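The sequence shown begins at 178 in the working numbering and counts up by one.
Written out below as structure tokens is the structure these notes cover.
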Amino acid sequence: MEKWEDEFDPKLVALMHQTDEKIAPRLAAIDDQIVQNQAKVLKAFQNHRVAESHLSGSTGYGHNDEGRDVLEAVYADVLGGEDALVRPQIVSGTHAIGVALLGLVRPGDEILYITGEPYDTLQEVLGMAGNGIGSPKEYGIGADYVPLKADNSVDVPAVQKRIGEHTKVVAIQRSRGYATRPSFTIAQIKAMIAAVRAVKPDVWIFVDNAYGEFSETIEPLDVGADLMAGSLFKNPGGGMAKTGGYIVGKKDLIERVSYRLTVPGIGGDEGATVGMLSDMFQGFFIAPQTTGNAIKGAIFESALLESLGLDVDPKWDAPRTDLIQTVNFGNPGDMVKFAEAIQASSPVDSFVTPIPEHMAGYEDEVIMAGGTFVAGSTIEFSGDGPIRPPYTIYMQGGLTYAHVKIATMQAAQKVFFANK
Ligand SMILES: *Cc1c(COP(=O)(O)O)cnc(C)c1O
Numbered sequence: 178m179e180k181w182e183d184e185f186d187p188k189l190v191a192l193m194h195q196t197d198e199k200i201a202p203r204l205a206a207i208d209d210q211i212v213q214n215q216a217k218v219l220k221a222f223q224n225h226r227v228a229e230s231h232l233s234g235s236t237g238y239g240h241n242d243e244g245r246d247v248l249e250a251v252y253a254d255v256l257g258g259e260d261a262l263v264r265p266q267i268v269s270g271t272h273a274i275g276v277a278l279l280g281l282v283r284p285g286d287e288i289l290y291i292t293g294e295p296y297d298t299l300q301e302v303l304g305m306a307g308n309g310i311g312s313p314k315e316y317g318i319g320a321d322y323v324p325l326k327a328d329n330s331v332d333v334p335a336v337q338k339r340i341g342e343h344t345k346v347v348a349i350q351r352s353r354g355y356a357t358r359p360s361f362t363i364a365q366i367k368a369m370i371a372a373v374r375a376v377k378p379d380v381w382i383f384v385d386n387a388y389g390e391f392s393e394t395i396e397p398l399d400v401g402a403d404l405m406a407g408s409l410f411k412n413p414g415g416g417m418a419k420t421g422g423y424i425v426g427k428k429d430l431i432e433r434v435s436y437r438l439t440v441p442g443i444g445g446d447e448g449a450t451v452g453m454l455s456d457m458f459q460g461f462f463i464a465p466q467t468t469g470n471a472i473k474g475a476i477f478e479s480a481l482l483e484s485l486g487l488d489v490d491p492k493w494d495a496p497r498t499d500l501i502q503t504v505n506f507g508n509p510g511d512m513v514k515f516a517e518a519i520q521a522s523s524p525v526d527s528f529v530t531p532i533p534e535h536m537a538g539y540e541d542e543v544i545m546a547g548g549t550f551v552a553g554s555t556i557e558f559s560g561d562g563p564i565r566p567p568y569t570i571y572m573q574g575g576l577t578y579a580h581v582k583i584a585t586m587q588a589a590q591k592v593f594f595a596n597k
């Protein structure tokens, strides 16, 4: 067989070799981080005595689902909490985050985001966008955010002034989501928590941890957050979980939000796991590796596409706290062309053409590329973004580093070297 890179323009191949050499030390550092996180996960599996009998799951009401209880204990242990809800009944990360936030508050309370505008789907959950039906406002619950400063940092004096008597929950979004700001590192989150506690020590601090898990070696709960949540279609699902979300944190808060997830009286005691547990355990076990592969892939994308003259963020050598790599195209045409190339490089549905369209929970049209084994999964290599200036593709995920590398080369070939 010919070498895999023979299909590409020799100039692109030369750039790839330069990129490989340049990023090698960064990739080695991510490999170290994978081992660190893998050790943490392995130890939790052993400490909680994960057994073959835990993998099969329950049916019906799901009473006494020992596997589910052990999975939740493992999640809590690894992610720095006292208890967790890890359920196939949580339909997505948005649902997990919404349940956590809305489960904590009561009429008269207020939820305050301090990291600028929340992620698009959460704006609808909180009644900041959309038709407002069922939003917290209908229950007399406030939801607001403090804009970031011009340099994209948290406006600490404004936050401290804004936190008041009714502020029950302060929310921090770790990953940039569909914003142009950088993602916030654990060190930055630690400083935010200190600033918040300085003015209101007993406020509950929630972190939207989507895309963050295992991208550093500690998590927001390790630096003082009370509760956090995320999606199993992202990092902690490891690419294996077929559905679900998680909420992890202080025991009393997990109990409180469990009554919002189901109903008072039942809380977390019911909820059959049917055939899901095996994939959820296995996915969490491999999640450090999968997340590391995705981050290594993002470093390659960043370095290669920057060398082709594109505006990328983060830069290849910048610290990372999530999976997201953005590339600005400046116009919708190139953005869509690049997305099409990503789709064509996928293992599933490679022959499909992605079309920008309106999606539930999003204000602008969104283009989503990525032929994934789990529908819409973004721990698998994918590229997406709302069609609005500066026409940014958000790339993330990658079950294997090799796939991200090949796909990025194919997309670069198609956009920059086709017909030349
Ligand atoms: C993806 C994401 C969510 C929502 O997760 P879904 O599983 O897509 O609903 C929430 N917040 C941030 C920052 C995200 O990146």
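Beta carbons: idealized from backbone N, C-alpha and C, even for Gly.
Since we're looking at a predicted model, the values are computed, not measured.
Checklist entry - Who are the Cβ neighbours of D399 in its own chain at under 7 Å, not counting the five residues just before and after it? => result Position 222 of the sequence shown, counted from the first residue, corresponds to residue 399. Cβ-Cβ distances below 7 Å link D399 to G257 in the same chain, with the five nearest sequence neighbours on each side left out; the list follows chain order.
Checklist entry - What is the DSSP secondary structure of E396, reduced to helix, strand or coil? => result Walking along the sequence shown from the start, residue 396 turns up at place 219. The DSSP-derived three-state label of E396 is coil.
Checklist entry - Does DSSP put V529 in a helix, in a strand, or in coil? => result As a working note, residue 529 is residue 352 in the sequence shown. Three-state result, V529: coil.
Checklist entry - How long is the line joining the alpha carbons of A589 and T569, rounded to whole angstroms? => result What you label residue 589 is simply residue 412 of the sequence shown in a count that begins at 1. What you label residue 569 is simply residue 392 of the sequence shown in a count that begins at 1. Straight-line Cα distance between these residues: approximately 16 Å.
Next on the checklist: Short of 6 Å in beta carbon distance, which residues of its chain neighbour E275, apart from the five on each side in sequence? Order them along the chain.
Outcome noted: If you number the sequence shown from 1, residue 275 lands on position 98. For the sequence presented, residue 275 should be read as Gly rather than Glu. Excluding residues within five positions, the ones whose Cβ falls inside 6 Å are V302.
Next on the checklist: In whole angstroms, give me the CA-to-CA distance for E259 and I431.
Outcome noted: The sequence position of residue 259 within the sequence shown is 82, counting from 1. The sequence position of residue 431 within the sequence shown is 254, counting from 1. Taking the straight line joining both Cα atoms gives about 9 Å.
Item to check | Beta-carbon proximity list for A372, same chain, < 6 Å, skipping 5 on both sides | outcome: By 1-based counting over the sequence shown, the position of residue 372 is 195. Shown here for A372: same chain residues with a beta carbon closer than 6 Å to its own, the five before and five after excluded, namely V333 in chain order.
Next on the checklist: On the CB-based measure, 16 or more other CB atoms within 10 Å of its CB, does L487 come out buried or exposed?
Outcome noted: Your numbering for residue 487 matches position 310 in the sequence shown. Buried is the call here.
Item to check | According to DSSP, residues forming a beta bridge with P563 | outcome: Taking the sequence shown and counting its residues from 1, one reaches residue 563 at position 386. Paired residue(s): V543.
Next on the checklist: Using only CA atoms, which one of K514, E243, P509, V529 lies nearest to E542?
Outcome noted: Position 365 of the sequence shown, counted from the start, is the residue given in the question as residue 542. Nearest of K514, E243, P509, V529 to E542, Cα basis: P509.
Checklist entry - Looking at the structure shown, is R339 part of a helix, part of a strand, or coil, going by DSSP? => result Mapped onto the sequence shown, residue 339 falls at position 162. Reduced to three states, the DSSP call for R339 is helix.
Checklist entry - Using a threshold of 7 Å, is the CB atom of K419 nearer than that to any non-hydrogen atom of ligand 2? => result This structure lacks ligand 2; the ligands present are ligand 1.
Checklist entry - Is D197 helix, strand or coil by DSSP? => result Taking the first residue of the sequence shown as 1, we reach residue 197 at position 20. Residue state, collapsed to three classes: helix.
Item to check | Integer-rounded CB distance, given that G562 should sit under 8 Å from Q520 | outcome: Position 343 of the sequence shown, counted from the first residue, corresponds to residue 520. Position 385 of the sequence shown, counted from the first residue, corresponds to residue 562. Between Q520 and G562 a beta carbon distance of about 13 Å is seen, past the 8 Å cut, so the two are scored as non-contacting.
Checklist entry - Under the three-state reduction of DSSP, which class applies to A595: helix, strand or coil? => result As a working note, residue 595 is residue 418 in the sequence shown. If DSSP states are grouped into helix, strand and coil, A595 belongs with coil.
Item to check | Range covered by the beta strand (DSSP E) that runs through N505 | outcome: Residue 505 sits at position 328 when you count from the first residue of the sequence shown. 502-505 is the span of the beta strand (DSSP E), which, as asked, contains N505.
Item to check | Paired residues, beta bridge with S408 - DSSP | outcome: Here residue 408 refers to the residue found at position 231 when the sequence shown is read from its first residue. According to DSSP, which records beta bridges pairwise, S408 is partnered with G422.
Next on the checklist: Is it buried or exposed, K597, if we count other Cβ atoms within 10 angstroms and call 16 or more buried?
Outcome noted: Translated into the one-based positions of the sequence shown, residue 597 becomes position 420. Per-residue confidence for K597 stands at a pLDDT of 47, beneath the threshold of 50, marking its modelled position as unreliable; no derived number is given.
Checklist entry - Going along the chain, which residues of its own chain have a beta-carbon closer than 8 Å to the beta-carbon of K427, five neighbours each way excluded? => result Within the sequence shown, residue 427 is the residue found at index 250, counting from 1. Excluding sequence neighbours, K427 sits near G258, E259, D260, D403, L404.
Checklist entry - Cβ of Y316 within 7 Å of any heavy atom in ligand 1? => result Mapped onto the sequence shown, residue 316 falls at position 139. Y316 Cβ: outside cutoff for every heavy atom of ligand 1.
Item to check | Own chain partners of S312 with C-beta closer than 6 Å, once the 5 adjacent residues on each side are dropped | outcome: Here residue 312 corresponds to residue number 135 of the sequence shown, with the count starting at 1. Excluding positions up to five away in sequence, the list reads G304.
Next on the checklist: Spatial neighbours of Q337 within its chain, please: C-beta separation below 6 Å, excluding the five flanking residues on both sides.
Outcome noted: Position 160 of the sequence shown, counting from 1, holds the residue named residue 337. These residues qualify, in order along the chain: V376.
Next on the checklist: Report the CB separation of I382 from I370 in whole angstroms; it is logged as a contact under 8 Å.
Outcome noted: Locating residue 382 in the sequence shown gives position 205, where the first residue counts as 1. Locating residue 370 in the sequence shown gives position 193, where the first residue counts as 1. In this structure I382 touches I370 by the C-beta definition: roughly 6 Å separates them, less than 8 Å.
Checklist entry - What are the residues that DSSP puts in a beta bridge with R264? => result Within the sequence shown, numbered from 1, the residue matching residue 264 stands at position 87. Note: R264 sits in a beta bridge opposite G422.
Checklist entry - From what residue to what residue does the alpha helix (DSSP H) around E604 run? => result Any property of residue 604 remains undetermined from this structure, which presents the chain solely from 178 to 597.
Checklist entry - How many angstroms separate the CA atom of R358 from the CA atom of T498? => result Reading the sequence shown from its first residue, position 181 is the one you call residue 358. Reading the sequence shown from its first residue, position 321 is the one you call residue 498. Roughly 13 Å separates the two Cα atoms.
Checklist entry - So what's T468 in DSSP terms, helix, strand or just coil? => result Working through the sequence shown from its first residue, we reach residue 468 at position 291. Secondary structure at T468: helix, using DSSP grouped into helix, strand and coil.
Next on the checklist: I'd like the span of the alpha helix (DSSP H) that includes L485, first residue to last.
Outcome noted: The residue labelled residue 485 in the question sits at position 308 within the sequence shown. Per DSSP, L485 lies in no alpha helix (DSSP H) and is assigned neither H nor E.
Item to check | Three-state class that DSSP yields for T344 in the structure shown | outcome: If you number the sequence shown from 1, residue 344 lands on position 167. Strand, per DSSP.
Item to check | Beta-carbon proximity of G325 to T292, cut-off 8 Å | outcome: The residue given as residue 325 occupies position 148 in the sequence shown. The residue given as residue 292 occupies position 115 in the sequence shown. Note on identity: in this sequence residue 325 is Leu, with Gly being the wrong assignment. Yes, these two residues count as a Cβ contact at 8 Å.
Item to check | Presumed contact (8 Å Cβ cut-off) between G553 and F462, rounded CB distance | outcome: As a first step, residue 553 is located in the sequence shown; it is residue number 376 there, counting from the start. As a first step, residue 462 is located in the sequence shown; it is residue number 285 there, counting from the start. Incorrect: roughly 22 Å between the Cβ atoms, too far for contact.
Item to check | Nearest-angstrom Cβ-Cβ length linking G574 and L500, presumed shorter than 8 Å | outcome: One-based indexing of the sequence shown puts residue 574 at position 397. One-based indexing of the sequence shown puts residue 500 at position 323. Confirmed, Cβ separation roughly 6 Å.
Item to check | Alpha-carbon to alpha-carbon, S269 and T344 | outcome: Along the sequence shown, read from residue 1 onward, the residue named residue 344 stands at position 167. Along the sequence shown, read from residue 1 onward, the residue named residue 269 stands at position 92. Pairing T344 with S269, the inter-Cα distance amounts to about 26 Å.
Checklist entry - So is P202 buried or exposed if we call it buried at 16+ other beta carbons inside 10 Å? => result For the purposes of this step, residue 202 is taken as residue 25 along the sequence shown, with counting starting at 1. Result: exposed.
Next on the checklist: Can you tell me whether G452 is buried or exposed? The criterion is at least 16 other CB atoms within 10 Å of its CB, across all chains shown.
Outcome noted: Within the sequence shown, the letter at position 275 stands for residue 452. By the Cβ neighbour-count rule, G452 is exposed, with fewer than 16 other Cβ atoms within 10 Å of its own.
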